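As structure tokens, the structure follows; a few thoughts come after it.
Protein chains: 4
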Amino acid sequence: MSRTRLEVFSDAVFAVAITLLALNLAVAGPGHGPLLHQVADHWPSFVAYLISFMTIGLIWVNHHALVQNVAVVDRTLALLNLVLLVFVVLIPADTATVAKYLALGGQDARVAVLLYAAAFMGMGFSFAGIFEWTLRSGRLRQPLPKRARWKARLRFGVASVLYLAAVAVAFVSPPVALAIIAAVPVYYIFERLEVVGSPAGDRQQ
Amino acid sequence: MSRTRLEVFSDAVFAVAITLLALNLAVAGPGHGPLLHQVADHWPSFVAYLISFMTIGLIWVNHHALVQNVAVVDRTLALLNLVLLVFVVLIPADTATVAKYLALGGQDARVAVLLYAAAFMGMGFSFAGIFEWTLRSGRLRQPLPKRARWKARLRFGVASVLYLAAVAVAFVSPPVALAIIAAVPVYYIFERLEVVGSPAGDRQQ
Amino acid sequence: MSRTRLEVFSDAVFAVAITLLALNLAVAGPGHGPLLHQVADHWPSFVAYLISFMTIGLIWVNHHALVQNVAVVDRTLALLNLVLLVFVVLIPADTATVAKYLALGGQDARVAVLLYAAAFMGMGFSFAGIFEWTLRSGRLRQPLPKRARWKARLRFGVASVLYLAAVAVAFVSPPVALAIIAAVPVYYIFERLEVVGSPAGDRQQ
Amino acid sequence: MSRTRLEVFSDAVFAVAITLLALNLAVAGPGHGPLLHQVADHWPSFVAYLISFMTIGLIWVNHHALVQNVAVVDRTLALLNLVLLVFVVLIPADTATVAKYLALGGQDARVAVLLYAAAFMGMGFSFAGIFEWTLRSGRLRQPLPKRARWKARLRFGVASVLYLAAVAVAFVSPPVALAIIAAVPVYYIFERLEVVGSPAGDRQQ
Numbered sequence: 013m014s015r016t017r018l019e020v021f022s023d024a025v026f027a028v029a030i031t032l033l034a035l036n037l038a039v040a041g042p043g044h045g046p047l048l049h050q051v052a053d054h055w056p057s058f059v060a061y062l063i064s065f066m067t068i069g070l071i072w073v074n075h076h077a078l079v080q081n082v083a084v085v086d087r088t089l090a091l092l093n094l095v096l097l098v099f100v101v102l103i104p105a106d107t108a109t110v111a112k113y114l115a116l117g118g119q120d121a122r123v124a125v126l127l128y129a130a131a132f133m134g135m136g137f138s139f140a141g142i143f144e145w146t147l148r149s150g151r152l153r154q155p156l157p158k159r160a161r162w163k164a165r166l167r168f169g170v171a172s173v174l175y176l177a178a179v180a181v182a183f184v185s186p187p188v189a190l191a192i193i194a195a196v197p198v199y200y201i202f203e204r205l206e207v208v209g210s211p212a213g214d215r216q217q
Numbered sequence: 013m014s015r016t017r018l019e020v021f022s023d024a025v026f027a028v029a030i031t032l033l034a035l036n037l038a039v040a041g042p043g044h045g046p047l048l049h050q051v052a053d054h055w056p057s058f059v060a061y062l063i064s065f066m067t068i069g070l071i072w073v074n075h076h077a078l079v080q081n082v083a084v085v086d087r088t089l090a091l092l093n094l095v096l097l098v099f100v101v102l103i104p105a106d107t108a109t110v111a112k113y114l115a116l117g118g119q120d121a122r123v124a125v126l127l128y129a130a131a132f133m134g135m136g137f138s139f140a141g142i143f144e145w146t147l148r149s150g151r152l153r154q155p156l157p158k159r160a161r162w163k164a165r166l167r168f169g170v171a172s173v174l175y176l177a178a179v180a181v182a183f184v185s186p187p188v189a190l191a192i193i194a195a196v197p198v199y200y201i202f203e204r205l206e207v208v209g210s211p212a213g214d215r216q217q
Numbered sequence: 013m014s015r016t017r018l019e020v021f022s023d024a025v026f027a028v029a030i031t032l033l034a035l036n037l038a039v040a041g042p043g044h045g046p047l048l049h050q051v052a053d054h055w056p057s058f059v060a061y062l063i064s065f066m067t068i069g070l071i072w073v074n075h076h077a078l079v080q081n082v083a084v085v086d087r088t089l090a091l092l093n094l095v096l097l098v099f100v101v102l103i104p105a106d107t108a109t110v111a112k113y114l115a116l117g118g119q120d121a122r123v124a125v126l127l128y129a130a131a132f133m134g135m136g137f138s139f140a141g142i143f144e145w146t147l148r149s150g151r152l153r154q155p156l157p158k159r160a161r162w163k164a165r166l167r168f169g170v171a172s173v174l175y176l177a178a179v180a181v182a183f184v185s186p187p188v189a190l191a192i193i194a195a196v197p198v199y200y201i202f203e204r205l206e207v208v209g210s211p212a213g214d215r216q217q
Numbered sequence: 013m014s015r016t017r018l019e020v021f022s023d024a025v026f027a028v029a030i031t032l033l034a035l036n037l038a039v040a041g042p043g044h045g046p047l048l049h050q051v052a053d054h055w056p057s058f059v060a061y062l063i064s065f066m067t068i069g070l071i072w073v074n075h076h077a078l079v080q081n082v083a084v085v086d087r088t089l090a091l092l093n094l095v096l097l098v099f100v101v102l103i104p105a106d107t108a109t110v111a112k113y114l115a116l117g118g119q120d121a122r123v124a125v126l127l128y129a130a131a132f133m134g135m136g137f138s139f140a141g142i143f144e145w146t147l148r149s150g151r152l153r154q155p156l157p158k159r160a161r162w163k164a165r166l167r168f169g170v171a172s173v174l175y176l177a178a179v180a181v182a183f184v185s186p187p188v189a190l191a192i193i194a195a196v197p198v199y200y201i202f203e204r205l206e207v208v209g210s211p212a213g214d215r216q217q
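Respectively, the protein sequence lines represent chains A, B, C and D.
If you're matching positions, the first sequence starts at 13 in our numbering and goes up one per residue.
If you're matching positions, the second sequence starts at 13 in our numbering and goes up one per residue.
If you're matching positions, the third sequence starts at 13 in our numbering and goes up one per residue.
If you're matching positions, the fourth sequence starts at 13 in our numbering and goes up one per residue.
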């Protein structure tokens, strides 16, 4: 399979999902109180929007770095990639659910954040699975030495572990679980995935 | 016509359709009972989401394998491709209909699954039509020997036949019809379309 | 400007618009009468869906043929292309309006079909404008001889003239206006735009 | 990072955002008065649609000119680009808000136009930030002489300054603020960004 087509399809899914996120931000319209109050009451939507946007954005950056270093894009990778996208596509709906229930607190807020964390966890594990598969099947263009493999696994695995923690924490404190979810894209902003997206790769056009 | 542009356009349609599927998963929001119950009652949406997602995903993989092996992308192929996309674009709406009516049972569930199966059947026959046309017009880059042609037709035709069966079965048992529809992407996960997406093709970047 | 980027952006807009068309096909859901009746009452939606889908699809095919033969994609062409897309993006909303009002007849049906025809007319004239500009600015890769120019103008102009007729006819008979609109993509299916999308262009990969 | 992938992803986001704009144009449907009156009452939607469409369209043209002249697309640029897209994605929702509240006047209209202007301001400053970063990090393919830099900053900065003015003016007169916002794409239609999208760049395919 052509790498370009895998990337175009994935990028289009990432782009549509990231743009649909903002549909939750539309206010109800006239007859629902002063607009300023509606917008102020909408703060959970903005928080959820920003977290989801940056997470999908960073997954897109990492996806690029990973696929760029794969020598052969075959049917198995295309299928693993579809599993990743199953979770990416869930994010706009789960973001809307968090936006609706976060401020209400109680059991519903716990369930909403749990669903949200679960979608991200599925995304994290799918991504780690793709990386593991490329490592084991020896399809990386620049094979990693043994030690570097564990370092890379650790770096990619951090997200999955944090999302797993967020799922558990959601039962106790939805805001703390949200903070953990928000921390993941922040982590990847500062953590360059050097082992995969090598400086050489970055410099290529 | 440039193959790239046919692929970019088709991939974008596949990507938008696959992402719109999840819009059906959004819950109604506060005032409609506990969130946990709303989510639990939503199970037909999740089942329909997974079936539609994997089917569109596999059609995308197969579409790639087929177009990659076509030597010349001309106006006729572009038109046949539009007919395929007419049915792909119907899938999010038909998925929503199944999600709304499946759990209710009775005549409405039968009609909903029938519409759903009919959209997939249209997609299957369009795809088989594109394959047949590329075979007959001698536009494959690697022409198939006579015997391989029948094997390939069989492999591509399986989906259309199964969808036709699902349409018929929908009158009797919607759940069985759904199971047949769900079986098609599972079949294509394990059935490599070797005659079209040849190993050589897979290995190419 | 890179031709590729103009094409990717335009193709994405065409693809999103064509996929949003089907949102009008979703039924209201349980509590609105038997599903079979809802679907049967939905026939104007299906008619409008098919007309809009095939029209956007054919515009995409023609857009490709035209852009492919332009030697230089500059800022002016990018702006003219945006004007074309202003009308393309209107089509899903106008398709929904026709679907809602066609069966009701009377003044509302006339206004709905008028809006629908006007969007297509804008699209047709924008497209003719782009073609005229490429002709006059001498930017075609294969310059057309004088006689071929008039032939090409005629071929591209047919759509605009038909849409203008549909706008006029909409005041008298919405169904006849719709039939005229539906005739345009059928015309372009059989009319190869040879002067622009030359056989040589078609044969290129 | 590959420039192509940055462009494909950004173009897809621009394309989806620009197409979602038109969702606001759909009328409420039968039972809400004569269609002609509904359409006439919809004029703020059309005004907001045209302003948002042309602004996103021109940002797309400028984005292309800027990215085309960057020698190396690295992780930092990808992140800055995501910040730009955060604001682009907000535009359909803010356009809908303006459409709903503009004609009502009063405090709500002021807030609606303020939010709208703020999204554009964020977009303008993000874009200026990307330009500043490419200048300082010396990543332009054709480095600018000192004097040309200030000229270029001025040209890119005009939009941000105008949007800042629109934010301030929105408190006093929403229509004047809207007029300022509408003036920006008109300015960029006539102002060729020669220093960045050089004639050489324009001529390249």
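Backbone N, C-alpha and C fix where the C-beta goes; we use that ideal spot for every residue, glycine too.
Quick caveat, the model's predicted, so the values are computed rather than measured.
CB contact flag (residue i, residue j, <8 Å)
i, j, result
"L37 (chain D)", "P104 (chain D)", "no"
"V79 (chain A)", "R15 (chain A)", "yes"
"T25 (chain D)", "L92 (chain D)", "It should be noted that the sequence gives Val, not Thr, for residue 25 (chain D). Against a cut-off of 8 Å, the Cβ pair of L92 (chain D) and V25 (chain D) comes out as no contact."
"R122 (chain B)", "A182 (chain B)", "yes"
"Y61 (chain B)", "T31 (chain B)", "no"
"D23 (chain B)", "F202 (chain A)", "no"
"R159 (chain C)", "N81 (chain C)", "no"
"S172 (chain A)", "A111 (chain A)", "no"
Same chain, Cβ closer than 6 Å to residue i, five either side skipped, listed in chain order
i, result
"R17 (chain C)", "none"
"A178 (chain B)", "A129, A189, I192 and I193"
Contacting residues, own chain, Cβ-Cβ under 8 Å from residue i (five flanking each side not counted)
i, result
"H44 (chain C)", "Q50"
"D120 (chain A)", "Y113"
"D53 (chain B)", "A115"
"T109 (chain C)", "A124, L127 and Y128"
"F65 (chain C)", "I30 and L33"
Residue i (DSSP reduced to helix, strand or coil)
i, result
"V82 (chain B)", "strand"
"M135 (chain A)", "helix"
"L97 (chain A)", "helix"
"L116 (chain C)", "helix"
Residue-level contact to chain A via CB, residue i, 8 Å cutoff
i, result
"D106 (chain B)", "no"
"F26 (chain B)", "yes"
"S14 (chain B)", "no"
"P46 (chain B)", "yes"
"R153 (chain D)", "no"
"V101 (chain D)", "yes"
"G134 (chain B)", "no"
"L37 (chain D)", "no"
is_contact[residue i, chain D] using C-beta, thresh 8 Å
i, result
"V20 (chain A)", "yes"
"A34 (chain A)", "yes"
"I142 (chain A)", "no"
Cβ of residue i within 8 Å of any chain B Cβ
i, result
"T109 (chain A)", "yes"
"A191 (chain A)", "no"
"Y61 (chain A)", "no"
"V98 (chain A)", "yes"
"K163 (chain A)", "no"
Any C-beta of chain C under 8 Å from that of residue i
i, result
"I71 (chain D)", "no"
"A124 (chain B)", "yes"
"D120 (chain B)", "yes"
"Y128 (chain B)", "no"
"D86 (chain D)", "no"
Neighbourhood of residue i by C-beta, 7 Å cutoff - its chain only, sequence neighbours within 5 removed
i, result
"V184 (chain A)", "none"
Inset, instruction - Check whether the stretch 65 to 78 of chain C touches the stretch 58 to 73 of chain B, taking contact to mean three or more Cβ pairs, one atom from each stretch, closer than 8 Å. - result: Judged by Cβ distances under 8 Å, the stretch 65 to 78 of chain C makes no contact with the stretch 58 to 73 of chain B, as fewer than three pairs qualify.
Inset, instruction - Would you be able to state if there are at least three C-beta pairs under 8 Å between the stretch 137 to 149 of chain A and the stretch 157 to 171 of chain A? - result: yes
Legend entry - At least 3 beta-carbon pairs within less than 8 Å: the stretch 128 to 139 of chain C vs the stretch 182 to 196 of chain C: yes
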